[in-house]
Ligand code: ATP
Ligand code: MG
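Numbering (the numbering used here), first residue to last: 118 to 704.
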């Protein structure tokens, strides 16, 4: 069974492992420089990083950048990287997402340190630390409602005001916090807040909320808790509990760093993890937000989280991307502190480059037009074609050839312009791995549409140049005697605007920027017979068309599709286009 089909679960034995040399051939980025200094100064002996997704959706290409960074560093420095579900928000999180996250990280080629962690594993410790904060006068129970809290908070230009509950006694705070925990307080009625500085220039330091009351069952802790820690409180403490040395996150958390440090300082953690921010990955023509991608799934704009047009890791996997190409792409994007937008063409380049070197060639006719070779007998000849022009070790496959063949409708023109080297009345063309044919007659139906070409072949052109003339064009074909009917799905970008979120009449409604031509299905496509044996992880270059793989949809609730045996016994095989041969968007 192939790696993309196998349920990885905790086990990572079957994935392509990342080798240590993979990340070493470029100048070190600023985070590596910080780590080098920390190791040289003896601040740390080894490093520990973590990847902390919130399980409220499937991971996308932006997360791949964070995964490659965190896991990549742990490999480079022989440290460790934890996988931690940031599951502090009980309402939006689902086990389906937890499962998908593990599968995606493993598929990318990474192994996490020991078991998967959950921030919810630390609920008791987080609670105990909160008591410690209250006891040291650093946290208090506040009874302002949401509107009042907002009003007291001030603005970017005006300082906030102290809450009237800020000066409660320790005993009062402990008793009220216990009431919150015991389920004696309504949602929104009380919150535990850090006591920092209501006039701070940094809004995050204006007595941020640490705990709120929420009567919601948690996927792991069930109804054990009715108070839940906020991200800012849970994240830094979880990092510290796990002994993380470098806590890497995206730039929007820069303003949260003083709070991160403040909390850990009050709790006397030593040594303390250091938060370092890097710029997030933004791609043009692409959404990188789980919330927005969820909208596409929930409202049926796409066929699930793993729709091959989705920028999710599972979508890219089903589309046929390789883990190596995604890692290569993340490496090409690099790690910096400056926000920018990466051209999605770079992602396409990464997979194209990978496949050009490895994908066996195959012939597949997407828009079949019948060709009868009038001077060819009734025999079927078994021709051969190299699987890869530069990899003789991949060997040959058999290409049956007979009197009736199919070519692509787009490879014939009745009235061609100059320099058209494909088939036209009275013109010759070479059939890939076969003979030179000449178009003698065009057959039409009653509406005048071309339905067949009658051609002759030159028997003396197999593996040889024709004598006394030049034939420039080469086209692909399949023999009608053995053609394998397949369905081919051709994809284009999901959005036709470079910035799907800000273009159009109603900026922000990205659904109006969906590309109406993002999916074309060729139901009548015909492939060479060897493709009947295609397996789930095979990738092919359909000559003159692009790169393709077998479509393997992933069923929900952990049920995997298993493809066994030869494709010929099954219903029609479906191939996904991974990427075209050339970048058709470039001007
Ligand atoms: P989303 O908005 O898609 O939900 P998020 O940042 O809220 O993204 P998390 O699950 O919290 O999603 O992210 C886990 C980790 O992945 C975080 O450390 C986050 O910084 C990182 N991450 C998320 N999106 C990107 C991105 N586009 N580029 C780089 N890193 C990202
Ligand atoms: Mg988040």
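We treat Cβ as the ideally placed atom computed from N, Cα and C, and that holds for glycine.
Since the model is a prediction, treat every value here as computed from it, not as a measurement.
Chain D contact for residue i (CB, 8 angstroms cutoff)
| i | result |
| --- | --- |
| residue 411 | No chain D appears in this structure, which consists of one protein chain only. |
Identified DSSP bridge partners for residue i
| i | result |
| --- | --- |
| residue 313 | None; residue 313 has no bridge partner. |
| residue 555 | 545, 573 |
| residue 525 | 485 |
| residue 322 | Per DSSP, none; premise fails for residue 322. |
| residue 198 | 166 |
| residue 256 | 311 |
| residue 636 | 608 |
| residue 335 | 339 |
| residue 351 | For residue 351, which the question treats as bridged, DSSP gives no partner whatsoever. |
Own chain, CB closer than 7 angstroms to residue i, minus 5 neighbours either side, in chain order
| i | result |
| --- | --- |
| residue 628 | 418 |
| residue 355 | 201, 236, 239 |
| residue 215 | 172, 202 |
| residue 197 | 165, 191, 230 |
| residue 103 | Nothing can be reported for residue 103: it is not among the residues displayed for the chain, which extend from 118 to 704. |
| residue 495 | 520 |
| residue 212 | 336 |
| residue 559 | 531, 542, 567, 570 |
Cβ neighbours of residue i in the same chain (closer than 8 angstroms, five flanking residues each side left out)
| i | result |
| --- | --- |
| residue 218 | 170, 172, 175, 176, 200, 202 |
| residue 332 | 300, 304, 343 |
| residue 351 | 203, 205, 236, 239, 243 |
| residue 341 | 240, 335 |
| residue 538 | 546, 589, 590 |
| residue 260 | 282, 306, 307 |
| residue 208 | 331, 333 |
| residue 636 | 426, 606, 607, 608, 609 |
Span of the beta strand (DSSP E) around residue i
| i | result |
| --- | --- |
| residue 165 | 165-168 |
| residue 410 | No beta strand (DSSP E) holds residue 410; the alpha helix (DSSP H) holding it covers 407-415. |
| residue 364 | 363-367 |
| residue 392 | 391-395 |
| residue 249 | That residue, residue 249, is in no beta strand (DSSP E); its alpha helix (DSSP H) goes 240-252. |
| residue 513 | 513-518 |
| residue 696 | 690-697 |
| residue 494 | Per DSSP, residue 494 belongs to no beta strand (DSSP E) and is neither H nor E. |
| residue 346 | 344-346 |
Rounded distance between the beta-carbons of residue j and residue i, thought under 8 angstroms
| i | j | result |
| --- | --- | --- |
| residue 226 | residue 436 | Incorrect: roughly 18 angstroms between the Cβ atoms, too far for contact. |
| residue 485 | residue 657 | No, residue 485 and residue 657 are not in contact; Cβ-Cβ is about 18 angstroms, not under 8 angstroms. |
| residue 91 | residue 277 | Here the chain comprises residues numbered 118 to 704, so residue 91 is not present and cannot be evaluated. |
| residue 524 | residue 540 | 7 angstroms |
| residue 406 | residue 368 | Contact doesn't hold; Cβ gap of about 15 angstroms is too wide. |
| residue 790 | residue 188 | Not covered by the structure: residue 790. The range shown for the chain is 118 to 704. |
| residue 529 | residue 551 | About 17 angstroms separates the two Cβ atoms, so there is no contact after all. |
| residue 425 | residue 178 | With 8 angstroms as the limit, residue 425 and residue 178 do not qualify as a contact, their Cβ atoms being about 13 angstroms apart. |
| residue 247 | residue 327 | 6 angstroms |
| residue 597 | residue 482 | In fact, because the Cβ distance is near 10 angstroms, the residues do not count as touching under 8 angstroms. |
| residue 603 | residue 689 | 6 angstroms |
| residue 533 | residue 402 | With a Cβ gap of about 34 angstroms, residue 533 and residue 402 do not count as contacting. |
Proximal residues to residue i (C-beta, below 6 angstroms), its chain only, five neighbours per side dropped
| i | result |
| --- | --- |
| residue 490 | 520, 572, 574 |
| residue 380 | 353 |
| residue 288 | none |
| residue 697 | 663 |
| residue 285 | 257 |
| residue 593 | 480, 549, 660, 661 |
| residue 377 | 353, 392 |
| residue 668 | 691, 693 |
| residue 674 | Confidence at residue 674 is low in this model, with a pLDDT of 41, below 50, so the placement of that residue should be treated as unreliable; the coordinate-derived value is given next. Closer than 6 angstroms at the Cβ level, and outside the excluded window around residue 674, lies no residue. |
| residue 400 | 459, 461 |
| residue 290 | 251, 257, 258 |
| residue 646 | 599, 601 |
| residue 439 | 471 |
| residue 488 | 522, 524, 570, 572 |
| residue 360 | 165 |
| residue 163 | 196 |
Boundaries (first-last residue) of the alpha helix (DSSP H) holding residue i
| i | result |
| --- | --- |
| residue 474 | 461-475 |
| residue 297 | 287-299 |
| residue 663 | Per DSSP, residue 663 belongs to no alpha helix (DSSP H); it is in the beta strand (DSSP E), 663-667. |
| residue 157 | 147-157 |
| residue 446 | 440-450 |
| residue 187 | 178-193 |
| residue 375 | 374-383 |
| residue 224 | 212-224 |
| residue 265 | 263-270 |
| residue 480 | Element bounds for residue 480: n/a, residue is neither H nor E. |
| residue 431 | 430-436 |
- For ligand 1, list every residue whose C-beta falls under 5 angstroms from any of its heavy atoms, going in chain order. 170, 171, 179, 180, 182, 183, 366, 367, 397, 398, 405, 406, 407
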